[in-house]
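S.K.: Protein chains in written order, with this note's numbering: chain P, 1 to 290; chain G, 1001 to 1388.
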Amino acid sequence: MTEYLQHMINMLILGSTYALLGIGLTLIFGIMRIVNFAHGELYVFGAYFVYFVAVLLGFNFFLSLLFAILAGCLLGALIEVALLRPMRGADIDTTMLIMIGAMIVMQNTEQYVWGGVAKSVSTPFPETPLVIGDFSVSWLRLFVFFAALALIAAAYFLINRTKLGKAMRATFQDRDTAALMGVNIQAIYMATFAIGSSLAAAAGALLGPVYVISPQMGNIASLKAFAVVILGGLGSIGGATIGGFILAFAEEMGAGYVSSGYRDAMGFLLIIAVLLFKPTGLFARSERVG
Amino acid sequence: MAKHSTRYFTAIAATALLSAGLVGQAGAQTIKIGVNEPLTGPFAASGTYVVNGAKIAADEINAKGGVLGKKIELVIEDNKSNPTEAAAVAEKLITADKVPVIMGAWGSSLTLAVMPKLMEYKVPMVVETSSSGKITTSGNPYIFRISPPSSVEAAAFKNILPKMSVKKADFLVINNDWGRGAAEDFGKTMKADNVQIGLVETMDQSAQDMSAQLSKIKSTDSDTIMVTTAVEQLTLLLKQATALGIKKQIITTGGSQNPDQLIDQAGVAANGTFHLTTFAPWYPDDTPNPVATKYFLGEWKKRGFNFAGATESFRGYDGIRTIAVAIEKAGKAEPEAITKALWETELMGLNGKIKFEKQGPAGKESGQSMPNVYLIKVDNAKVVLPKL
């Protein structure tokens, strides 16, 4: 029982970060129809940015997180303007290839700038864990969990309660009609990509200090993000949130009770099962009209 | 358009000619040694240290006049911690760079992937780090290993085991040839000493979160966790074990723990952990070859490298020196002559005598040298040799 509850605590913490990764990706796909293969690299960017600001420049840790999120936002806007705007109207395969190219360039740049050896970031949190009875959790992970939840809530609020969010949803439903109603589509696309990117950077900034930071860390993050999005249904933010927790649950239980060697396979087995019965994912929104 | 492409073609042709010229020139004056190491990916830190050690050896040898009157030249390639890449790199080193001998490939899975290429091209490789037993027992006569296989490490551990309080142990090992081999060899040794073996858990080499495995181990009644993996994953693992409030004794194997890097990156989580290593740079006077050890550590420091890397980099240093002695003995830089000469090679490495014994099926034995193994402990952010 104790072991089970410890697994559940691990699952919640892991799930919150998977959800954060998935939301950024699903947002971009849902609104822009762009499969963002560079998502994992934006995650790495966030992690290295925290390392740069907190460790090399010596800024406050929390301030560094904020800087990393803002920097992710800016980089996202830059990618949108430089790479995606000229390709507006191109089909999904073309932009996919562009994003794969962007991913390779970014990963190699990280490797060139930071080298292949992993970096670690120390945090103001105590290294001795919080212990309640038989359960134990590190303060840093607890902070990451609540920060991730706060960011997910903020993304929700932005999309469902603000004017920008309304315009984004309108664009998602029908781009041409939204444009006719006076929505500035170019601005919406840029905002969407910037927000999605900043969420990926935020996930990297939060998880970099939990793990160690290396140029290849984006590969596995990308894989998990895609898994979460496919599980939850492409374009669904609620789906991505729940998908994140389901994936974490499958991995944690799979490793805990089936076999740790197949930990990563568990999530994908689950995806295959979901796709067999519900090919659009668990919570897919209806396809855009037109 | 036509003019454009002509100019383009001329440029390519010129580049090709130029580089061909350079390669030809370099080949005439130097003896090439291929180095196949992970410089990126999960084993980047370790591979980089080994390469830095190799460079120190090459510079030392060249400063003394080189080998057979020629300077040696390291052709260093990154195998990306990936077995497929490791095999491709070996092929490239042999066919494109024409190296007569290779050092590599750090990890057991990486080395095992390279081995068929050695058979195919009949080029010898000095294995500096890998510890899976399979490497020297599968009948590849081009393999010469200076690192201890898990069985030798486990045998050394057998002498230490009775002095430590271990009644029941769980294993958490990297899910590849290295980790599974270590779990098997150490499991056997420990069972023979009446230690109960509990769980054997694995982790993917690129996994960053081992909380699930550790939670499972936390709830068993074992008193010790035997861990096999490289420094990056070990750092995460120790941090996560501390976060989960695990109080069990942790002993690591494999010699790629870089204890100083652990102390630096894992902090208090490294305290109280035991590590089996093959080099003890903290106590140069206690090593088999104090003079060489001090020279090596001095060079390492002079080049501004992190002291933490010394426990890994010495393998690269010893590996290249072994190869240089073999080439000198062979009298020519050709694969067949070097393979033969390696059997007669004998030198004092930083961790004892390097001399190859035959292992594996008769007629196609691999070479295995038998290095020393030390147990060290991290105590209050310092490395100590526990008096047992």
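Note that the Cβ used here is the ideal one computed from N, Cα and C, for glycine as well.
(1) For Asp-1209(G), decide whether its Cβ has a neighbour in chain P, counting only Cβ atoms nearer than 8 angstroms.
(2) May I ask you to report which of helix, strand or coil DSSP gives Asn-1062(G)?
(3) For Gly-1298(G), count neighbouring C-beta atoms within 10 Å of its own C-beta (all shown protein chains included) and say buried if the count is 16 or more, exposed if not.
(4) Taking 8 angstroms as the threshold (C-beta atoms), are Ala-1266(G) and Met-1348(G) in contact?
(5) Can you say whether Gly-290(P) is buried or exposed, counting buried as having 16 or more other CB atoms within 10 angstroms of its CB?
(6) Nearest to Pro-279(P) by CA position, among Ile-230(P), Phe-268(P), Gly-256(P), is which residue?
(7) What is the DSSP secondary structure of Lys-1070(G), counted as helix, strand or coil?
(8) Following the continuous alpha helix (DSSP H) through Ile-213(P), name the residue where it begins and the one where it ends.
(9) Are the beta-carbon atoms belonging to Met-1125(G) and Gly-1104(G) less than 8 angstroms from one another?
(10) When you check each C-beta in the region 196-220 of chain P against every C-beta of chain G, which residues fall closer than 9 angstroms?
(11) Would you kindly work out how many angstroms separate the C-alpha atoms of Lys-1168(G) and Lys-1158(G), rounded to a whole number?
(12) Where DSSP assigns a beta bridge to His-1275(G), which residues make up the other side?
(13) Taking the CB atoms as reference points, tell me whether Ala-957(G) and Lys-1117(G) lie closer together than 8 angstroms.
(14) For the beta strand (DSSP E) containing Ser-122(P), list its first residue and its last residue.
(15) Per DSSP, which one or two residues make a beta bridge with Arg-1145(G)?
(16) Kindly provide the ranges of any alpha helix (DSSP H) runs that are 4 or more residues long and lie completely inside the region 140-199 of chain P, ordered along the chain.
(17) Just how far apart, CA to CA, sit Leu-269(P) and Met-1164(G)?
(18) Comparing the C-beta of Glu-1334(G) with each C-beta of chain P, is any distance below 8 angstroms?
(19) Just checking: is the beta-carbon of Thr-1235(G) within a distance shorter than 8 angstroms of some beta-carbon in chain P?
(20) With a threshold of 8 angstroms between beta-carbons, can Gly-256(P) be considered close to chain G, or not?
(21) Give, in chain order, every residue of the region 108-133 of chain P whose Cβ lies closer than 7 angstroms to some Cβ of chain G.
(22) Flag Ala-1270(G) as yes if its beta-carbon sits less than 8 angstroms from any beta-carbon of chain P, otherwise no.
(23) What's the C-alpha gap between Ile-1031(G) and Thr-109(P)?
(24) Along chain A, which residues have their Cβ under 8 angstroms away from the Cβ of Thr-1189(G)?
(25) Please work out which residues of its chain come closer than 6 angstroms, Cβ to Cβ, to Gly-1021(G), disregarding the five sequence neighbours upstream and downstream, and give them in chain order.
(26) Is it right to say Leu-276(P) is buried, meaning 16 or more other beta carbons lie within 10 angstroms of its own, or is it exposed?
(27) Does the Cβ-Cβ distance between Ala-1310(G) and Pro-1281(G) come in under 8 angstroms?
(28) Can you give me, in chain order, the residues of the region 41-56 of chain P that have a beta carbon less than 7 angstroms from any beta carbon in chain G?
(29) CA-CA distance, Ala-179(P) and Asn-1176(G)?
(30) Who does Gln-1196(G) pair with in a DSSP beta bridge?
(31) Measure the beta-carbon distance from His-7(P) to Ser-1215(G) and round it to whole angstroms, keeping in mind my assumption that it falls under 8 angstroms.
(32) Does the count of Cβ pairs from the region 235-255 of chain P and the region 15-22 of chain P closer than 8 angstroms reach three?
(33) What would DSSP say about Ile-1033(G), mapped onto helix, strand or coil?
(34) Determine the extent of the beta strand (DSSP E) in which Ser-1206(G) is found, giving its start and end residues.
(35) Could you check whether the Cβ of Ser-1108(G) sits closer than 8 angstroms to any Cβ belonging to chain P?
M.R.: Let's see:
(1) yes
(2) helix
(3) exposed
(4) no
(5) Per-residue confidence for Gly-290(P) stands at a pLDDT of 33, beneath the threshold of 50, marking its modelled position as unreliable; no derived number is given.
(6) Closest option to Pro-279(P), Cα to Cα, is Ile-230(P).
(7) strand
(8) For Ile-213(P), there is no enclosing alpha helix (DSSP H), as DSSP marks it with neither H nor E.
(9) The answer is yes: Cβ separation under 8 angstroms.
(10) Leu-207, Val-210, Tyr-211, Val-212, Ser-214, Pro-215, Gln-216, Met-217, Asn-219, Ile-220
(11) 15 angstroms
(12) Answer by DSSP bridge pairing, in chain order: Thr-1252(G), Ile-1376(G).
(13) There is no way to answer for residue 957(G), as the model of chain G reaches only from 1001 to 1388.
(14) Per DSSP, Ser-122(P) belongs to no beta strand (DSSP E) and is neither H nor E.
(15) Val-1127(G), Gln-1368(G)
(16) 163-173, 175-180
(17) The straight-line gap from Cα to Cα measures roughly 43 angstroms.
(18) no
(19) yes
(20) yes
(21) Gln-111, Gly-116, Val-117, Ala-118, Ser-120, Glu-127, Pro-129, Val-131
(22) no
(23) Cα to Cα, the separation comes out at about 33 angstroms.
(24) In summary, chain A is missing from the structure at hand, where the protein chains are P and G.
(25) Interpretation of Gly-1021(G) is limited by its pLDDT of 45, a score under 50 that renders its predicted location unreliable; no figure is taken from the coordinates.
(26) Residue burial annotation: Leu-276(P) is exposed, with fewer than 16 other C-beta atoms found within 10 angstroms of its C-beta.
(27) yes
(28) none
(29) Within the model, the alpha-carbon separation for Ala-179(P) versus Asn-1176(G) is close to 55 angstroms.
(30) DSSP output for Gln-1196(G) lists Lys-1168(G) as bridge partner(s).
(31) 6 angstroms
(32) The answer is yes - the region 15-22 of chain P touches the region 235-255 of chain P, with three or more Cβ pairs under 8 angstroms.
(33) strand
(34) Element bounds for Ser-1206(G): n/a, residue is neither H nor E.
(35) Not closer than 8 angstroms to any Cβ of chain P, the Cβ of Ser-1108(G) fails to qualify, so no.
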